[in-house]
Amino acid sequence: EIEGPGWKVCWDGYLEAYHHNTLHAETVGKYTVGNLMLHDTYGPHQRLVFGRKSLLQIARKPEDDWGDPSEHIRLIHSVFPNTSISGVVGDHCLVSQVFPGPTPETTITRQSIMTARVPETDAEKAATEAFSQMTLKAVRDEDYNMGFQIQKTLSSKANEAFVFGRNEPALQHYHTQVARFAAD
């Protein structure tokens, strides 16, 4: 379990990638194009498709030379209200579930690493451990560390309102769904 900042701050980080190049430069930002995203909605649920940096390499090649298109994207399935299923590197998948913490300014995240098959060789075990450590660092040490700083600023109540940008369709959709369910 990972202690995190409040719900809004914590969850919003799962729904966009433009912070990857700066905040995650040494972890997931090595693999992700931070300003490229496709977005689909399924009721309150969402699918986000981020480009991997390998897209930049194949963009200049004929389509017949691209290989498997799924190798050049990162799929994230966001299951409303609190689960993110993210296929990041190779046959590894990160499942994050965010739950309320003991105060409104905190959350608890349960993360699970899944693999397409049980790692058997030393190399497979090392790759799984490296993936696990990278995602833990990205979430706990980078996202949530920054999130706690943002949470402290929010708690000052210096701002009365916030505006989502056009490059944040997943955040817009999520908060629209929260408002819709809260009104029911």
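Start counting the sequence shown at 3; every next residue gets the next number (our numbering). By construction, the Cβ of each residue, glycine as well, lies at the ideal position given by its N, Cα and C atoms.
Close-in-space but distant-in-sequence residues of the same chain around residue i (CB under 6 angstroms, 5 per side omitted)
i	result
His47	Val81, Phe82
Cys95	Gly89, Met116
Pro171	His41
Thr137	Leu96
Gly103	Thr109, Ile110
Counterpart residues of residue i in DSSP-defined beta bridges
i	result
Thr24	None; Thr24 has no bridge partner.
Thr34	Arg54
Asp42	Arg49
Ile4	Thr111
Contact check, residue i vs residue j, beta carbons under 7 angstroms
i	j	result
Leu173	Phe164	no
Ser134	Ile115	yes
His74	Leu57	yes
Cys12	Val120	no
Gly8	Glu107	yes
Tyr16	Ser72	no
Arg49	His22	no
Thr43	His175	yes
Glu3	Arg142	no
Inter-residue CB distance, residue i and residue j (contact presumed, cutoff 8 angstroms)
i	j	result
Leu77	Val97	Not confirmed; about 13 angstroms, so no contact.
Val35	Gly53	4 angstroms
Ala118	Asp93	4 angstroms
His26	Ala140	5 angstroms
Lys55	Tyr33	6 angstroms
Own chain residues within Cβ distance below 7 angstroms of residue i, not counting five before or after
i	result
Glu18	Glu170, Ala172, Leu173
Gln179	Pro46, Phe82
Met148	Leu25
Asn37	Tyr20
Neighbourhood of residue i by C-beta distance below 8 angstroms, restricted to the same chain and skipping five residues each side
i	result
Ser157	Glu107
Ile60	Asp67, Trp68, Gly69, His74
Glu65	none
Check your understanding: Could you give the uninterrupted runs of the beta strand (DSSP E) lying entirely in the region 44 to 132, keeping only those of 3 residues or more?
Key -> As far as the region 44 to 132 is concerned, its whole beta strand (DSSP E) runs of at least 3 residues are 47 to 54, 75 to 81, 85 to 89, 94 to 102, 108 to 117.
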